[in-house]
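In what follows, a single structure is set out as structure tokens and then discussed.
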Amino acid sequence: MMGGLLADASKRLEQALKYVEISEDASERLKYPKTSLSVSIPVRMDDGSLRIFQGYRVRYDDTRGPGKGGVRYHPNVTMDEVQSLAFWMTFKCALLNLPFGGAKGGITINPKELSKQELERLSRGYIEGIADFIGPDMDILAPDVYTNEMIMGWMMDQYSIIQRKISPGVVTGKPQTMGGSQGRDQATGTGAFYVIQAMLAKFNKVPQETTIAVQGFGNAGSVVAQLLYKAGYKVVAVSDSHGGIYAPQGLDIPSIIAYKKEHRGIKAIYCEDTVCDIAEHKTLTNEELLALDVDVLIPAALENQITEKNAHEIQAKYIFEVANGPINSAADAILDPKGIHVFPDILVNAGGVTVSYFEWVQNRSGLYWTLTEVNERMKQKMVVEAEKVWLICQQKGVSMRTAAYIHALNRLGEALDAKGTRDYYVNNLSH
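Shown next as structure tokens:
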């Protein structure tokens, strides 16, 4: 195993392997990414200078189908992070029984520092660098942190230029005018909402009496917060990268979303406002939000938000991971004995990749579904798999995280073992 974030992520795999019967060959292959690519991306800036940015694309495993995973733009993007995200995508796709393997990409950049034109050059340059590494039947891209449908549209267009043919299936999460699916922009938050509702019902939680804090008010966090608000839950705190607001009586989530949209910053496609700018509420830090005495905590920002350093301060009874990897393995060891129920990222935030799969299918068939059809199909798939994970959790007496990995491992192990002999024949053709 690699070091850092990927090494920590692999500890969840090791835990789940104790409960499944797959071959040693299959388990060994799942410990390492299949292919990792690093590219340098030259970009001509608006002032005429040339800057070089570092980009990555990792295909962790493609046994069950072409790689699938988003592309994030963030200053902290590293190869280790991208490999970890691709690792999680591998298990997420298997958990939801999607015909994909796991992949991920990223560029080390603060996108808020670039103009819209510079972002387009960067995005097209990234595709130039990885074009031979991706494709509708090889590796399919999607939006992630600080990327959106506009950026996905640029990427799809650039790939089509390189291939000299329209190739909508190489990218999901693109504009509907370019073959995007209804509901993809809100799929991660919507899918999380379906899982939260289904799982809280197991504990007889009444919406009006259930308090919720959401860390991260970006695309996924704001969507799930609004859906929970509309369903009658009491969302008492939300935050973004600058900090948060807290109101014990509950927040008016639609008003906060409207405020964010109205007070856009001067950058072309990124909102630079912070929810802290809204008056008449108590302000608090992201760290303080995580420690609030609420029923439900939803980390919807970045990885490693809850670690061994602050896990003892967590008071929420239920945690739903909308972000990727917001809780590290050391924190799991603290939260589990406290009786805190953690519902893992590979289940909770799988709505995004599920609707990305729907978009890929629609691109290949040329038949497009309505928003109602997309959401109904997603809800059915998300809830069915959540119920299966819950059943494993109860039957084996393990955490929901371990149960989710067990469920995914059973599918991955079967696929890996089915293809296991090909390595022997490929490696021995010359003999």
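Mapping to numbering that gives the first Met the number 0: the sequence shown position 374 is 373, numbers consecutive.
Yeah, the Cβ is synthetic: ideal placement off N, Cα and C, and Gly gets one too.
Predicted, not measured: the structure shown is a model, and the values here were computed from it.
Please report the residue range of the alpha helix (DSSP H) in which residue i lies.
i: I434; result: In the structure as shown, the chain starts at 0 and stops at 430, and residue 434 therefore has no counterpart that could be examined.
i: T189; result: A186 to L199
i: D7; result: G3 to L16
i: I333; result: S328 to L334
i: G128; result: K115 to I129
i: G152; result: E148 to Q162
i: K387; result: L370 to K395
i: V354; result: G350 to S364
i: V223; result: N218 to K229
i: A431; result: Residue numbering for the chain in the displayed model covers 0 to 430; residue 431 lies beyond these limits and cannot be assessed.
i: V347; result: D344 to V347
Less than 8 Å between the C-beta atoms of residue i and residue j, yes or no?
i: L84; j: R56; result: no
i: L49; j: L29; result: no
i: K67; j: S355; result: yes
i: I345; j: A407; result: yes
i: G179; j: E148; result: yes
i: V235; j: L227; result: no
i: L390; j: G182; result: no
i: I40; j: L140; result: no
i: N285; j: S238; result: yes
i: L283; j: G243; result: yes
i: H340; j: Y367; result: no
i: I211; j: V295; result: yes
i: A15; j: T401; result: yes
i: N303; j: V19; result: no
i: A330; j: E307; result: yes
i: T353; j: A102; result: no
i: F86; j: R63; result: no
i: D143; j: V70; result: yes
i: A257; j: P343; result: no
i: M198; j: A385; result: yes
i: P65; j: D131; result: no
i: A224; j: I252; result: yes
i: A8; j: G412; result: no
i: I297; j: F319; result: yes
i: K281; j: Y232; result: no
i: M177; j: M154; result: no
i: I150; j: L113; result: no
Just to confirm the assignment, what range does the beta strand (DSSP E) spanning residue i have?
i: L296; result: V295 to P298
i: L283; result: K281 to L283
i: D138; result: D138 to P142
i: I106; result: G100 to T107
i: I431; result: Since the first residue of the chain shown is 0 and the last is 430, residue 431 is not available in this structure.
i: I318; result: Y317 to F319
Kindly indicate which three-state DSSP category residue i falls into: helix, strand or coil?
i: A212; result: strand
i: D276; result: Any reading at D276 needs caution, since the residue's pLDDT is 49, under 50, leaving its predicted position unreliable; the model's value is listed next. In this structure, D276 counts as helix in the three-state DSSP scheme.
i: Y258; result: helix
i: G242; result: strand
i: T77; result: coil
i: T306; result: coil
i: V237; result: strand
i: Q68; result: A quick correction: the sequence has Gly, not Gln, at residue 68. If DSSP states are grouped into helix, strand and coil, G68 belongs with the strands.
i: V341; result: strand
i: V169; result: helix
i: A290; result: coil
i: L250; result: coil
i: E20; result: coil
i: C270; result: Caution applies to C270, whose pLDDT of 36 falls short of 50 and renders its modelled position unreliable; the value that the coordinates give is listed next. C270 falls in the coil class under three-state DSSP.
i: L84; result: helix
i: K204; result: coil
i: L95; result: coil
i: P325; result: coil
i: P174; result: coil
Does residue i come within less than 8 Å of chain C when only Cβ atoms are used?
i: I195; result: Although the question refers to chain C, the structure presented lacks it and comprises just one protein chain.
Sufficient close CB pairs (3 or more, under 8 Å) joining the stretch 347 to 354 to the stretch 82 to 97 = yes
contact_flag[the stretch 323 to 342, the stretch 156 to 173] where n(CB pairs < 8 Å) is 3 or more | no
Validate contact between the stretch 97 to 115 and the stretch 54 to 70 using beta carbons, cut 8 Å, 3 pairs | yes
Jot down the residue ranges of each uninterrupted beta strand (DSSP E) in the stretch 31 to 64, minimum 3 residues, whole runs only, in chain order.
-> 34 to 43 and 49 to 60
Stretch-stretch touch, CB-based, cutoff 8 Å, three pairs: the stretch 173 to 191 with the stretch 369 to 381 = yes
Given 8 Å, three or more beta-carbon pairs between the stretch 154 to 161 and the stretch 193 to 200 = no
Would you be able to state if there are at least three C-beta pairs under 8 Å between the stretch 207 to 214 and the stretch 396 to 403?
-> no
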